[in-house]
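**Student:** Each residue of the sequence shown is one higher than the last, beginning at 71 in the working numbering.
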Amino acid sequence: MATDLLEMYPRPGARVPLAGLYLAHDLRARTPGPYVCSNFIVSLDGRIALPDPHSGLQQVPPVIANPRDWRLYLEIAAQADVLLTTARHLRALAANRHTDLLAVAAEPELRAWRLARGLPPGPAVAAVSETLDFPSAALDNLPASLLVVTSSAAPHARERALVSRGATVRRLPGAGLDGAALLAALGEAGHRVVYSIAGPRILHALCAARVLHRLYVTHALALLGGNDFVPLLRGPLLEPPVRARLVSGYLDAAATAAGVTQYFAVYELNYAA
Ligand SMILES: NC(=O)c1ccc[n+]([C@@H]2O[C@H](COP(=O)([O-])OP(=O)(O)OC[C@H]3O[C@@H](n4cnc5c(N)ncnc54)[C@H](OP(=O)(O)O)[C@@H]3O)[C@@H](O)[C@H]2O)c1
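#1: Shorter than 7 Å, the distance from the beta carbon of residue 119 to the closest heavy atom of ligand 1, or not?
#2: What do you get for residue 198, buried or exposed, if any count of 16 or more other CB atoms within 10 angstroms of its CB means buried?
#3: Go ahead and pull the three-state DSSP assignment for residue 42.
#4: Rounding to the nearest angstrom, what Cα-Cα distance links residue 321 and residue 78 in this structure?
#5: Around the Cβ of residue 166, are there at least 16 other Cβ atoms within 10 angstroms (buried) or fewer (exposed)?
#6: Residue 195 and residue 180 look like a contact to me (Cβ under 8 Å); what is the Cβ gap, rounded to whole Å?
#7: Below 8 Å on the Cβ atoms is my guess for residue 290 versus residue 114; work out the distance and round it to an integer in Å.
#8: Count the other C-beta atoms from every protein chain shown that fall within 10 angstroms of the C-beta of residue 334, then say buried if there are 16 or more, exposed otherwise.
#9: Which residues bound the alpha helix (DSSP H) around residue 276?
#10: Drop a sphere of 10 angstroms on the beta-carbon of residue 226, count the other beta-carbons inside from all chains shown, and report buried for 16 or more, exposed for fewer.
#11: Determine the direct distance from the alpha carbon of residue 323 to that of residue 234, and round the result to whole angstroms.
#12: Please give me, in chain order, every unbroken run of the beta strand (DSSP E) with length at least 3 that falls completely inside the region 184–238.
#13: Enumerate in chain order the residues of its own chain whose CB-to-CB distance from residue 280 is below 6 Å, with the five nearest sequence positions on each side excluded.
#14: Please find out if some non-hydrogen atom of ligand 1 comes closer than 7 Å to the beta-carbon of residue 233.
#15: Counting Cβ pairs, one atom from each stretch, are 3 or more of them under 8 Å apart for the region 247–266 and the region 103–121?
#16: If I follow the unbroken beta strand (DSSP E) through residue 159, where does it start and stop?
#17: Relative to the alpha-carbon of residue 293, which residue among 116, 86, 129 and 139 has its alpha-carbon at the smallest distance?
#18: Can you tell me which of 203, 92, 152 and 189 puts its alpha carbon nearest to the alpha carbon of residue 164?
#19: Write down every uninterrupted run of the beta strand (DSSP E) in the region 96–133 whose length is 3 residues or greater and which is fully enclosed by it, in chain order.
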């Protein structure tokens with residue numbers, strides 16, 4: 071079928087359907103301990119976001135965002151205990167620029183997949199925020215009570231306001247975001263399978279702490295340009311570098327509305343010295 075994917079690795083030439091591709095990864099069975107993955111769509115020139123021409127806010131470039139990538143994004147989300155996101159995302163949610171945190175529970179097939187495994191209809195949500203500067207109204211658009219992980223310097227008045235709206239706020243010690251402490255906080259809240267849908271700083275925190283297991287990357291085969299550059303990863307040099315092993319790769323020749331093809335790559339991260 072024209073809409074099937076062409077497998078490039080590990081079985082070059084095989085044709086595979088898109089629907090069910092990432093659900094079959096069965097992430098919940100991977101380890102008895104914490105399992106952490108993240109996912110990005112990135113242009114060929116390395117951009118994950120561009121400024122919206124009207125608001126100036128950074129967003130996934132609309133020319134590469136597409137329903138086929140979104141389907142696979144949701145298949146990962148369906149397997150998670152918790153979606154890990156950011157205050158930036160919650161600000162967008164409060165302004166009705168996003169509804170994606172409810173999307174798994176709203177998709178009948180994925181909802182049924184979770185219910186059949188004794189999971190709640192959708193994953194929980196945790197957000198990192200250094201400032202706690204997001205409207206409490208964001209909580210109205212979330213599936214269940216929100217866990218907020220913040221720094222020791224966050225304003226106490228904001229913390230009280232969030233707690234009074236039903237959120238749980240965890241302060242991590244020290245400056246900067248420690249990925250290991252973040253993961254521990256998620257674990258204490260009962261979350262084992264973590265899906266980070268946050269951006270380049272959180273990816274860096276997870277990589278620096280060497281706690282990310284798997285990275286899904288959709289390579290959108292288009293050069294976008296633009297003077298603002300938002301890369302996949304932002305933060306100090308990772309030493310030693312985090313090495314990745316290609317687990318599988320699929321070419322999706324079914325064009326997006328803008329005629330962009332894409333390559334779905336799955337990487338396992340290797341922290342051995
Ligand atoms: N193409 C893709 O697949 C993709 C995927 C994800 C994101 N993106 C894009 O990437 C861009 C950045 O995303 P993002 O802002 O969500 O992610 P990010 O850059 O990874 O993280 C920024 C967030 O981290 C919080 N933070 C920083 N230091 C912290 C600390 N010490 N403790 C707790 N929280 C801390 C900040 O909170 P405060 O706001 O409170 O300071 C901020 O909201 C966006 O434009 C987004 O659209 C693209």
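Backbone N, C-alpha and C define an ideal beta-carbon position, used for all residues, glycine too.
Here the structure is a predicted model, which is why all the values come from computation and not from measurement.
**Tutor:** Let's see:
#1: Here residue 119 refers to the residue found at position 49 of the sequence shown. Yes, the Cβ of residue 119 comes within 7 Å of a heavy atom of ligand 1.
#2: Translated into the one-based positions of the sequence shown, residue 198 becomes position 128. Buried: at least 16 other Cβ atoms inside 10 Å.
#3: What the structure shows of the chain is the stretch from 71 to 343, and residue 42 is not part of that stretch, so it cannot be assessed.
#4: The sequence position of residue 321 within the sequence shown is 251, counting from 1. The sequence position of residue 78 within the sequence shown is 8, counting from 1. When rounded, the distance between both Cα atoms is 7 Å.
#5: In the sequence shown, residue 166 corresponds to position 96, counting from 1. Exposed, because fewer than 16 other Cβ atoms sit within 10 Å of the Cβ of residue 166.
#6: Taking the sequence shown and counting its residues from 1, the one referred to as residue 195 is at position 125. Taking the sequence shown and counting its residues from 1, the one referred to as residue 180 is at position 110. The Cβ separation is near 16 Å, so there is no contact.
#7: Numbered from its first residue, the sequence shown carries residue 290 at position 220. Numbered from its first residue, the sequence shown carries residue 114 at position 44. So it is a contact: roughly 7 Å between Cβ atoms.
#8: Here residue 334 corresponds to residue number 264 of the sequence shown, with the count starting at 1. The residue is buried, with at least 16 neighbouring Cβ atoms inside 10 Å.
#9: Here the question's residue 276 lines up with position 206 in the sequence shown. First-last of the alpha helix (DSSP H) with residue 276: 270–278.
#10: Counted from its first residue, the sequence shown places residue 226 at position 156. Flag for residue 226 reads exposed.
#11: Position 164 of the sequence shown, counting from 1, holds the residue named residue 234. Position 253 of the sequence shown, counting from 1, holds the residue named residue 323. If you take the alpha carbons of residue 234 and residue 323, they lie about 49 Å apart.
#12: 194–199 and 217–221
#13: The sequence position of residue 280 within the sequence shown is 210, counting from 1. Only 341 meet the Cβ criterion.
#14: Residue 233 sits at position 163 when you count from the first residue of the sequence shown. No, the Cβ of residue 233 stays beyond 7 Å of every heavy atom of ligand 1.
#15: yes
#16: By 1-based counting over the sequence shown, the position of residue 159 is 89. No beta strand (DSSP E) contains residue 159, which is instead part of the alpha helix (DSSP H) from 157–164.
#17: Walking along the sequence shown from the start, residue 293 turns up at place 223. The shortest Cα separation from residue 293 among 116, 86, 129 and 139 belongs to 116.
#18: Sequence index remark: in the sequence shown, residue 164 carries index 94 (1-based). Closest option to residue 164, Cα to Cα, is 203.
#19: 105–113
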